[in-house]
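Notes for the one structure printed next.
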Amino acid sequence: MSLLAFVFRRTLRINSPALHHLRFVASSSAPPSPPRRASGLGPGEYPIPPQLTKIQTAEENAQVEEWMDQFVSWYMPRNLVEVSYSRSSGPGGQNVNKVNTKVTIRCPVNSEWIPPWVREHLRTRSGYYVASDDTLLMHCQTHRSQVTNLKSCIRKLQRIIIAAVDHTRSRPPSREKQERVRNLQERSDARRREDKNRRSEVKNSRSSRDWD
Numbered sequence: 007m008s009l010l011a012f013v014f015r016r017t018l019r020i021n022s023p024a025l026h027h028l029r030f031v032a033s034s035s036a037p038p039s040p041p042r043r044a045s046g047l048g049p050g051e052y053p054i055p056p057q058l059t060k061i062q063t064a065e066e067n068a069q070v071e072e073w074m075d076q077f078v079s080w081y082m083p084r085n086l087v088e089v090s091y092s093r094s095s096g097p098g099g100q101n102v103n104k105v106n107t108k109v110t111i112r113c114p115v116n117s118e119w120i121p122p123w124v125r126e127h128l129r130t131r132s133g134y135y136v137a138s139d140d141t142l143l144m145h146c147q148t149h150r151s152q153v154t155n156l157k158s159c160i161r162k163l164q165r166i167i168i169a170a171v172d173h174t175r176s177r178p179p180s181r182e183k184q185e186r187v188r189n190l191q192e193r194s195d196a197r198r199r200e201d202k203n204r205r206s207e208v209k210n211s212r213s214s215r216d217w218d
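Sequential numbering of the sequence shown, starting at 7, is according to the numbering used here.
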């Protein structure tokens, strides 16, 4: 019990509104809870992606879904990326160009936590890819706080990986799409039969005229 609470307790009744208010203030000033981690993962650990080169079958898609459920709720530790700081060139008040608030992170594309099947997509499609050292490179200087800029950078990196995974996976077609494809195929087959019958009729009519 703090000294202030002890003094109040000596002068007020325990159940008085003032003491309840004091307890509320003390509890509300507690530090925020740490960021949520993926279930079953300890500090510094990461969701292990399936070791696949392509996502085509329903079973492979199920493996990716299970991994994605962990990855989207995973708080990436900074030790998985290379971090550097520099002075921000953007607006930031009186401390701009005085404090190293700009954050740059660099991550090898071959990192174990990056799914194997998206690496080539990142190399050929990502605007953050640096070919000279085979890494993803990004900056953030939006915020005045160095810590906040670092968190923004890490979240951006995770969003890039999620988008790449979503782009490279082949989802099984829905029932509605399967039905639509089946209908189109049936219509195409019917049109082909009609054309074939029409050509046969034309051919037969020509043959009958030749006999006349």
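Cβ atoms here follow ideal geometry from the backbone N, Cα and C, with glycine treated the same way.
Bridge-paired residues (DSSP) for residue i
i, result
"P114", "T141"
"E61", "According to the sequence as given, residue 61 is Ile; it is not Glu. Partner(s): R175."
"Y135", "L142"
"V109", "Y91 and C146"
First through last residue of the alpha helix (DSSP H) which encompasses residue i
i, result
"S158", "Q152 to T174"
"V89", "No alpha helix (DSSP H) holds V89; the beta strand (DSSP E) holding it covers E88 to S92."
"H127", "R125 to R131"
Close-in-space but distant-in-sequence residues of the same chain around residue i (CB under 8 angstroms, 5 per side omitted)
i, result
"D201", "none"
"Q69", "P56 and L58"
"I168", "M74, F77 and V78"
"R129", "V115, Y135, A137 and D140"
"R181", "none"
"S132", "L142, I166 and A170"
Cβ-based neighbour list, residue i, same chain, cut-off 6 angstroms, excluding 5 preceding and 5 following
i, result
"N210", "none"
"P38", "Low local confidence applies: a pLDDT of 38 at P38 is under 50, so the model's placement there is unreliable, and no value is given."
"V87", "I111 and C113"
"V124", "A170, V171 and T174"
"V89", "I111"
"I54", "none"
"Y52", "W119"
"H149", "N155"
Cβ-based burial, residue i [other Cβ within 10 Å; buried from 16]
i, result
"L163", "buried"
"N155", "buried"
"P49", "exposed"
"I111", "buried"
"Q147", "buried"
"I166", "buried"
"I120", "buried"
Cβ-based neighbour list, residue i, same chain, cut-off 7 angstroms, excluding 5 preceding and 5 following
i, result
"M74", "V171"
"Y242", "Absent from the model: residue 242. The displayed extent of the chain is 7 to 218, so no value can be given."
"T141", "R112, C113, P114 and V115"
"H127", "A170, H173 and T174"
"M144", "I111, Y134, C159, K162 and L163"
"N85", "G50"
"P185", "One point to set straight first is that residue 185 is Glu, not Pro, in the sequence displayed. The answer is none, since no qualifying residue turns up."
beta-carbon residue i near the ligand GTP non-hydrogen atom, thresh 7 angstroms
i, result
"R205", "This structure lacks the ligand GTP, and indeed carries no ligand of any kind."
Exercise. Three or more beta-carbon pairs under 8 angstroms between the stretch 58 to 72 and the stretch 157 to 177, yes or no?
Worked result: Contact holds between the stretch 58 to 72 and the stretch 157 to 177, because three or more Cβ pairs, one in each stretch, are under 8 angstroms apart.
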